[in-house]
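All the letters of the sequence shown, read from the start, carry residue numbers 98 to 257 under our numbering. Even for Gly, the Cβ is constructed at its ideal location relative to N, Cα and C. Every value quoted in this text rests on a predicted model; they were computed, and no experiment measured them. Heads up, the thing below is written out as structure tokens.
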Amino acid sequence: MMTNFTHINAQGEANMVDVSAKQDTVREARAEAYVTMSAQTLNMIISGQHHKGDVFATARIAGIQAAKRTWELIPLCHPLLLSKVEVNLEALPETNQVRIESLCKLTGKTGVEMEALTAVSVAALTIYDMCKAVQKDIVINNVRLLEKMGGKSGHFVAME
């Protein structure tokens, strides 16, 4: 079922959606991203030998901060009072990747999908930034929404 874009008004102009009449509901979203690098770079991160410090801790904090500031980064997003932001990073040595997953939650009038996606994106960019001195061809890929709950559109789970 195709619906209209919610951020385009009748004149075809971008606008912020009016959510004032919506009911507050619990809303939650999870997103993921992958960062692919050389085995040497990943080993440097895992072993704690990276000269800039704890890459995962820095990326985690960056992702949390980014979720909280999504409304400043993405035009037309509402500022949200997030009740939970979680960013988890997992080293996958068999594929020379880091998997990043975020969880954002609140009770409010609008969803938190953009916050979850922003969290994993900025965490991935932070890994790149911290590691670019040792490897320039790091790849960030498969940024996607995994799940969202709450609101009028209901429950969404991504296909595996």
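**Request:** Decide if the stretch 232 to 245 is in contact with the stretch 169 to 182; the criterion is three or more beta carbon pairs, one per stretch, under 8 Å apart.
**Result:** no
**Request:** Using 10 angstroms around the beta-carbon of G109, count the other beta-carbons present and answer buried if the total reaches 16, otherwise exposed.
**Result:** To locate residue 109, count along the sequence shown from 1; it is residue 12. Looking at its Cβ environment, which holds fewer than 16 other Cβ atoms inside 10 Å, G109 is exposed.
**Prompt:** Can you tell me where the beta strand (DSSP E) with M246 in it begins and where it stops?
**Reply:** Within the sequence shown, numbered from 1, the residue matching residue 246 stands at position 149. Here the beta strand (DSSP E) through M246 covers 236 to 246.
**Message:** By the DSSP assignment, the alpha helix (DSSP H) with R157 in it spans what residues?
**Reply:** As a working note, residue 157 is residue 60 in the sequence shown. Taken as a continuous stretch (DSSP letters only), the alpha helix (DSSP H) holding R157 covers 152 to 165.
**Asked** Is it the case that the Cβ atoms of T133 and T167 are separated by a distance below 9 Å?
**Response** The count along the sequence shown starts at 1 and reaches residue 133 at position 36. The count along the sequence shown starts at 1 and reaches residue 167 at position 70. Against a cut-off of 9 Å, the Cβ pair of T167 and T133 comes out as no contact.
**Contact belief for N193 with S135 at Cβ below 8 Å, rounded distance in angstroms** = As a working note, residue 193 is residue 96 in the sequence shown. As a working note, residue 135 is residue 38 in the sequence shown. Between S135 and N193 the Cβ distance is about 6 Å, and since that is below 8 Å, they are a contact.
**Request:** Output the distance between the C-alpha atoms of D234 and V195, rounded to the nearest integer angstrom.
**Result:** Sequence index remark: in the sequence shown, residue 234 carries index 137 (1-based). Sequence index remark: in the sequence shown, residue 195 carries index 98 (1-based). If you take the alpha carbons of D234 and V195, they lie about 15 Å apart.
**Prompt:** For A255, is the classification buried or exposed, using 16 other Cβ atoms within 10 angstroms of its Cβ as the cut-off for buried?
**Reply:** Against the sequence shown, residue 255 aligns to sequence position 158. Label assigned to A255: exposed.
**Request:** Would you list, in sequence order, the uninterrupted beta strand (DSSP E) runs of no fewer than 3 residues that lie entirely inside the stretch 180 to 257?
**Result:** 181 to 189, 194 to 205, 236 to 246
**Message:** I'd like to confirm the pairing. Which residues does DSSP put opposite V132 in its beta bridges?
**Reply:** Indexing the sequence shown from 1 puts residue 132 at position 35. Beta-bridge pairing links V132 to V195, I237.
**Message:** Per the DSSP calculation, E110 is bridged to which residue(s)?
**Reply:** Residue 110 sits at position 13 when you count from the first residue of the sequence shown. DSSP lists no partner for E110.
**Asked** S144 to Y131, Cα distance in whole Å?
**Response** Indexing the sequence shown from 1 puts residue 144 at position 47. Indexing the sequence shown from 1 puts residue 131 at position 34. For S144 and Y131, the distance between alpha carbons rounds to 19 Å.
**Message:** Counting C-beta neighbours from all protein chains within 10 Å, is the total for M227 16 or more, i.e. buried, or is it exposed?
**Reply:** Position 130 of the sequence shown, counted from the first residue, corresponds to residue 227. Buried.
**Request:** Label M113 either buried or exposed according to how many other C-beta atoms from any shown protein chain fall within 10 Å of its C-beta, with 16 as the threshold for buried.
**Result:** Mapped onto the sequence shown, residue 113 falls at position 16. By the 10 Å Cβ count, M113 comes out exposed.
**Request:** Determine the burial state of V209: buried for a count of at least 16 other Cβ atoms within 10 Å of its Cβ, exposed for fewer.
**Result:** Looking up residue 209 in the sequence shown gives position 112. Looking at its Cβ environment, which holds 16 or more other Cβ atoms inside 10 Å, V209 is buried.
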